[in-house]
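Numbering (the working numbering), first residue to last: 1 to 662.
Yeah, the Cβ is synthetic: ideal placement off N, Cα and C, and Gly gets one too.
Source: prediction; values computed, not measured.
Notes to accompany the following structure.
Here it is, written out as structure tokens:
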């Protein structure tokens, strides 16, 4: 750690004394100071979030605190900013409040807190301060201590300044500004006629060129560039008359083409469809009724315009584009899901017949995400009727068949959809394919007593014992978590699992396959409960009852009392005192009598099984882990704690004695 701090200080000195510098020039300066492998050091530090180096418009680097020392930027206050002591920073204050990303600048020079907040990420803090989301600029707001602006005697329309001093950032009242003559022209000189420039980079560039600029208060940056006739949009600055709409459209299409390896025409189509969906979703989010949202999003889209929307929608006959539309529009937000359903509804009447199957499938996806699996299945069946060979409904119907335990129907649907033998659901269903009974002939009466022939009743529909289907049930829940909006939590939990993996580039991917990670997301994270709520009605009765049992079984710490190699282990739950015989082939080969483990022992028909891996527990960690489990930790906290065994000894020793690490 000390080496890292020293290297960072060296980089800061080089840029302060010699900047602006290109990355190559920085490496050369480091080499002069006998730094080994300077190129790697430069790449590492310039990518660090806590590095205060920034790039100018010519891509050379400066040390931002050095460039901004003594400079002040102003902003004209509105009533909401005064009421909540929250300064909207874009674009007026962005050049200097960029420093608030770094811990040392998250307090003002007087010691009071100051930090950048976003409505989507800092909702708890904003709620504590009583600040509504709509009062927070989408690009970010500098949140000050309550009463800060009032204490300065500021009123609506007054100018507040943020200055970087030797002691840190200072918020001050500005009563007089100097002339900004020539500043707009200097900013204009940094711009590219063909594309916008990062507003902050343009400002930093003119600051690096002119040491005295902004050392006394000037009008706000927004007013300077507006008076000079420049174009601006959020954090971007461009020459006057620049078409930001066309630029955003082109940029969005190029991003989709690169992300999904699409040809340009398909990327344009996908971008248009995503944009229309997003317009509907935003209106629904604002509380607009669905009918009004639909009318507003397509306002003016009648006649030729609406026909054009239909032409773009026709491309959804391509299953790939339909899948990508879902990928680009639906996360965990229910409003976005409702928007997708409404979007599909308006498209269906406008697109040619071959694309209508896609609209039905989109509605099915939206209904499933909203928790209505029965209605979703009806839409999937309708889509299958429209085009029996269009694959996406077939894949979803196969998953429904799997949830119901109907292996043969699931495999038939997957074959029709063109699934390869190594497709995960094909492999899963093949594992649970029951053999026909040998004690009943095809034309004999079925063993179940239905009075029908065996071939018309249970042939091809035999069911394995619940003991054998328990892992199938678990796999169904995993599949739900993987495709239903739990990715963010999965990655967050996997990140904790791989925290102590050093520089291994594959650590995160490895952690995503760790059984503890998915199990924590399922149970501590809530994905299993959601699976049962949404898809539980599809499960066979005995599996649904078993799943309900699983929800009531907590993770615990067990002592291994007996091992039957390759078959089972007998364990005692140290939290309850209960003893269980767990059927576990792999663990039975790895565990030893007297060993402590953390696991989830779940009923599986007439036996018990470990699900979610088996974590070894050191004797001195036993009580601390039990205390943590008693608090019902969330998925991230649990996995962070159980992953401490991979950490260096100093980190393990520093962990709090009765809780998970911060």
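Q: Express the C-alpha separation of residue 353 and residue 491 in angstroms, rounding to a whole number.
A: 40 angstroms
**Q.** Segment contact, 8 angstroms Cβ cut-off, at least three pairs: the stretch 71 to 90 with the stretch 126 to 137
**A.** yes
**Q.** Residues of its chain near residue 581, where Cβ-Cβ distance is below 7 angstroms and the 5 sequence neighbours each way are ignored
**A.** 568, 570, 608
Q. Counting along the chain, where does the beta strand (DSSP E) carrying residue 603 start and finish?
A. 596 to 604
**Q.** 8 angstroms Cβ shell around residue 664 - same chain, five flanking residues per side excluded
**A.** With the chain represented from 1 up to 662, any question about residue 664 goes unanswered, as that position is not in the structure.
Q: Confirm, please, whether the CB-CB distance from residue 116 to residue 168 is below 8 angstroms.
A: no
Q: Identify, in the order they occur along the chain, each residue of the same chain with its Cβ nearer than 8 angstroms to the Cβ of residue 80, setting aside the five sequence neighbours on each side.
A: Annotation for residue 80: 86, 135 place their beta carbon closer than 8 angstroms to its own, counting only its chain and skipping 5 residues before and after.
**Q.** Nearest-angstrom beta carbon gap, residue 19 and residue 72 [assumed within contact, 8 angstroms]
**A.** So it is not a contact: roughly 21 angstroms between Cβ atoms.
Q: Taking all protein chains shown into account, decide if residue 64 is buried (16 or more other Cβ within 10 angstroms of its Cβ) or exposed.
A: buried
Q: May I ask you to report which of helix, strand or coil DSSP gives residue 108?
A: strand
Q. Using the beta-carbon count (16 or more within 10 Å), is residue 415 buried or exposed?
A. Exposed: under 16 other Cβ atoms inside 10 Å.
Q: Within the same chain, show all residues whose beta-carbon is closer than 6 angstroms to that of residue 550, passing over the 5 residues directly before and after it, in chain order.
A: 602
Q) Just checking my contact of residue 322 with residue 489 at CB under 8 angstroms: how many whole Å lie between their CB atoms? A) That belief does not hold up - the Cβ atoms of residue 322 and residue 489 are roughly 26 angstroms apart, past 8 angstroms.
Q.
By DSSP's criteria, residue 540 is part of a beta bridge. Which residues make up the other side?
A. BP columns for residue 540 are empty, so no partner.
Q.
Out of 389, 350, 23, which one is the CA nearest neighbour of residue 311?
A. If we check each option's Cα against that of residue 311, 350 comes out closest.
Q: Given a cut-off of 8 angstroms, decide if residue 476 and residue 403 are closer than it, judged by their beta-carbon atoms.
A: In this structure, residue 476 lies closer than 8 angstroms to residue 403 by Cβ.
Q: Let me know the secondary structure DSSP gives residue 236 once reduced to three states.
A: strand
**Q.** 4-residue-minimum alpha helix (DSSP H) runs that sit fully inside the stretch 115 to 145, ordered along the chain
**A.** 123 to 128
Q) Span of the alpha helix (DSSP H) holding residue 468? A) 466 to 483 is the extent of the alpha helix (DSSP H) around residue 468.
**Q.** Extent of the continuous alpha helix (DSSP H) run through residue 252
**A.** 244 to 260
Q: For residue 102, name the three-state secondary structure that DSSP assigns.
A: coil
Q: For residue 191, name the three-state secondary structure that DSSP assigns.
A: DSSP places residue 191 outside both helix and strand once states are collapsed to three, so it counts as coil.
Q: Please report the Cβ distance between residue 575 and residue 629, rounded to the nearest whole angstrom; I am assuming they are in contact, meaning their Cβ atoms lie under 8 angstroms.
A: 7 angstroms
Q: Tell me, to the nearest whole angstrom, how far the beta carbon of residue 82 is from that of residue 152; I am working on the premise that it is less than 8 angstroms.
A: The beta-carbon separation of residue 82 and residue 152, rounded to 10 angstroms, does not stay under the 8 angstroms limit for a contact.
**Q.** DSSP beta-bridge partners of residue 88
**A.** 141
Q) Is it buried or exposed for residue 75, if we count other Cβ within 10 angstroms and need 16 for buried? A) Residue 75 is buried by the Cβ-count criterion.
Q. Are there three or more Cβ pairs, one per stretch, closer than 8 angstroms when the stretch 511 to 528 is compared with the stretch 418 to 437?
A. no
(Q) My output table needs one value for residue 631: the three-state DSSP class, helix, strand or coil. (A) Collapsing the DSSP output to three states places residue 631 in coil.
Q: Answer with buried or exposed for residue 480, where buried requires no fewer than 16 other C-beta atoms within 10 angstroms of its C-beta.
A: Per the 10 Å Cβ criterion, buried.
(Q) Considering only the alpha carbon of each residue, which of 256, 252, 261, 338 lies closest to residue 280? (A) 338
(Q) Excluding the 5 residues flanking residue 256 on each side, which residues of the same chain have their C-beta closer than 7 angstroms to its C-beta? (A) 262, 267, 270, 271
Q.
Which of the three DSSP states is assigned to residue 77 in this structure?
A. Assigned with DSSP and collapsed to three states, residue 77 falls in coil, not helix or strand.
Q | Cβ pair residue 232, residue 206 closer than 8 angstroms | A | no
Q | Nearest to residue 69 (by Cα), restricted to the options 155, 125, 28, 162 | A | 162
Q.
With three or more beta-carbon pairs closer than 8 angstroms as the criterion, would you say the stretch 176 to 193 touches the stretch 221 to 238?
A. With a cut-off of 8 angstroms, the stretch 221 to 238 and the stretch 176 to 193 count as touching, because enough Cβ pairs lie within range.
Q) How is residue 34 classed by DSSP in three states: helix, strand or coil? A) coil
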